[in-house]
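All remarks here apply to the structure that follows.
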């Protein structure tokens, strides 16, 4: 009861400060219903957010099916796109839920959602760094492939193959170092 009161108090304070409304609904089971449809029905049925602003957000958790959805009103979609909500779900909510720490997950998740709405949420950066690293490797691979083609034409097949082999070893050593390092 104390944890529920803390969460309710936090959400009420946030709504008073910003007019954004965040609601948490925990259900025992979806009873065969589709999660997305169920969350939309709850959000629309309860008219989350202010009229004309559509600045509501719903966190729906189904215990039996172990499903979770963050439903964002149109007024908040610009600052809370699906990808960002997915990162908050995967980094803040799910790890705590798997440990049975529902209050901690919801509390941390709400904190991160509030930061995201303010534009201040920074995930651990792991996904962004991987994508940047892989993009850089792909770009380097394209450049080296072009160079191999030029070398092959300039020096002939045998010498080009030897140079390509040596450069390839160096490239893959660099690639492994970037990915592991």
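Residue numbers (the numbering used here): 4 to 184.
Every residue gets a Cβ at the ideal spot worked out from N, C-alpha and C, and that includes glycine.
Interface flag, residue i vs chain D, CB-CB below 8 Å
i: residue 114; result: Of the protein chains in the structure, only one exists, and it is not chain D.
Residues that residue i bridges to, as DSSP identifies them
i: residue 24; result: 59
i: residue 147; result: DSSP lists no partner for residue 147.
i: residue 91; result: BP columns for residue 91 are empty, so no partner.
i: residue 64; result: 29, 71
Supposed close pair residue i, residue j - CB separation, criterion 8 Å
i: residue 91; j: residue 66; result: Contact flag wrong, Cβ pair sits at about 20 Å.
i: residue 68; j: residue 109; result: In fact, because the Cβ distance is near 18 Å, the residues do not count as touching under 8 Å.
i: residue 154; j: residue 174; result: So it is not a contact: roughly 13 Å between Cβ atoms.
i: residue 12; j: residue 58; result: Contact doesn't hold; Cβ gap of about 20 Å is too wide.
i: residue 106; j: residue 6; result: 4 Å
Residue i and residue j closer than 8 Å at C-beta
i: residue 76; j: residue 96; result: no
i: residue 63; j: residue 37; result: no
i: residue 56; j: residue 81; result: no
Residue i (DSSP reduced to helix, strand or coil)
i: residue 74; result: strand
i: residue 101; result: helix
i: residue 108; result: helix
i: residue 86; result: helix
i: residue 47; result: helix
i: residue 37; result: coil
i: residue 4; result: coil
i: residue 131; result: Any answer about residue 131 is weak, because its pLDDT of 48 lies below 50 and its placement is not dependable; what the coordinates show is given next. Residue 131: helix per DSSP, three-state reduction.
i: residue 81; result: coil
i: residue 53; result: coil
i: residue 163; result: helix
i: residue 171; result: helix
i: residue 12; result: helix
Closest by C-alpha distance to residue i, when choosing among the options
i: residue 46; options: 98, 56, 61, 35; result: 61
i: residue 70; options: 86, 19, 161, 101; result: 101
i: residue 73; options: 25, 9, 170; result: 25
i: residue 120; options: 85, 40, 8; result: 85
i: residue 10; options: 98, 111, 156; result: 111
i: residue 145; options: 54, 166, 171; result: 171
i: residue 166; options: 98, 177, 150, 14; result: 150
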